[in-house]
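Notes follow once the structure below has been shown.
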Amino acid sequence: MELQHKVVVVTGGGTGIGRATSMLLAQKGAIVAVNYSRSGSDAEATVQAIRNMQGQAIAVRADVSNEQEVQQMVADIVHAYGNVHYLVNNASITEQLPMRDLDAVTDAMWDRLLAVNVKGMFHTAKAVAPYMQKNGEGAIVNLGSVAGTTGLGSSLPYAVSKAAVHGLTKSLAHALAPEIRVNAIAPGAVDTRWWAGHEAKMQQLAGSILLQRISTPEDIAESIVSMLLQKSLTGQIITVDNGQTM
620 MELQHKVVVV
630 TGGGTGIGRA
640 TSMLLAQKGA
650 IVAVNYSRSG
660 SDAEATVQAI
670 RNMQGQAIAV
680 RADVSNEQEV
690 QQMVADIVHA
700 YGNVHYLVNN
710 ASITEQLPMR
720 DLDAVTDAMW
730 DRLLAVNVKG
740 MFHTAKAVAP
750 YMQKNGEGAI
760 VNLGSVAGTT
770 GLGSSLPYAV
780 SKAAVHGLTK
790 SLAHALAPEI
800 RVNAIAPGAV
810 DTRWWAGHEA
820 KMQQLAGSIL
830 LQRISTPEDI
840 AESIVSMLLQ
850 KSLTGQIITV
860 DNGQTM
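Residue numbers (our numbering): 620 to 865.
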């Protein structure tokens with residue numbers, strides 16, 4: 620019952636992997652702060668689903684790319700529950716572009732993806748770190764991607780941003796040791812709304828993967844929760860991809 624009454628912040632916690640992680644944490648007794656930026660109705664629906672199973676959760680809005688909003692969000696969570704014990708840095712965005720189309724990549728796209736996917740994770744880790752350090756322990760799991768290791772993904776800036784997340788994970792592991800463990804999950808293809816309208820492509824991909832399946836959000840959530848609790852793990856990027864990158 621290591622998660623019983625522990626306060627966990629899940630950024631982008633209302634949809635996809637974030638929702639599955641929020642639900643699993645609540646099932647294990649954690650108090651979940653479900654962060655959102657624009658998906659307020661999804662976050663509230665996730666909170667209600669948790670409360671319906673007698674769990675504890677609140678929805679908290681903040682654009683993770685805005686440091687002031689992140690600091691205020693964490694202050695509001697601490698005001699409500701008195702502490703923060705764990706962080707799941709899940710909030711990410713992407714752009715769908717052919718990898719070879721360099722002309723389609725704009726400065727605005729770079730700025731937006733790096734601001735959310737990389738700086739956003741740094742802002743949130745920075746905001747929660749003092750509370751974990753005061754507790755004498757804590758853990759952060761960042762959501763990376765196989766795109767960050769293969770260089771292939773939904774777009775070139777997205778792949779680069781996830782490579783940066785992997786680097787950030789290792790740097791934070793050094794910066795926040797020994798009290799705080801920092802790791803990352805690098806999922807392969809996951810059956811989320813990003814595949815909406817491309818289901819046939821997803822199924823075709825599944826046939827070429829060693830385990831011939833696409834991960835569910837619940838699969839990734841299980842790995843995230845395991846990493847939060849594994850006390851001998853820090854600075855690691857764990858690939859969860861059904862053998863996609865073998």
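All C-beta atoms, glycine included, are put in the ideal place defined by N, C-alpha and C. Predicted, not measured: the structure shown is a model, and the values here were computed from it.
- Short of 7 Å from the beta carbon of Lys789, and not among the five residues preceding or following it, lie these beta carbons of its own chain, in chain order: Gly854.
- When the beta-carbon positions are compared, Gly767 and His785 come within less than 8 Å of each other.
- Counting the other Cβ atoms within 10 Å of the Cβ of Ser774 gives 16 or more, which makes it buried.
- Only residues of its own chain outside the window of five on either side were considered, and among them Ser684 have a CB closer than 7 Å to the CB of Lys738, listed in chain order.
- Sixteen is the threshold: when 16 or more other Cβ atoms of the shown chains lie within 10 Å of the Cβ of Met751, as they do, the residue is buried.
- Between the region 663-682 and the region 715-725, the count of Cβ pairs shorter than 8 Å is below three; the stretches do not touch.
- According to DSSP, residue pairing for Ala805 in a beta bridge involves Thr858.
- A contact is defined here as three or more CB-CB pairs under 8 Å, and the region 745-761 meets this definition with respect to the region 703-714.
- The bridge partners DSSP lists for Leu830 come to none.
- Short of 8 Å from the beta carbon of Arg812, and not among the five residues preceding or following it, lie these beta carbons of its own chain, in chain order: Thr634, Gly635.
- Rounded to whole angstroms, Ala694 and Ser827 show a C-alpha spacing of 46 Å.
- Non-local C-beta neighbours of Ala746 in its own chain, meaning closer than 7 Å and more than five positions away in sequence, comprise Val689, Gln690, Val693, ordered along the chain.
- Ile843 carries a helical assignment under DSSP once its states are collapsed to helix, strand and coil.
- DSSP places Ile650 inside the beta strand (DSSP E), whose first and last residues are 650-655.
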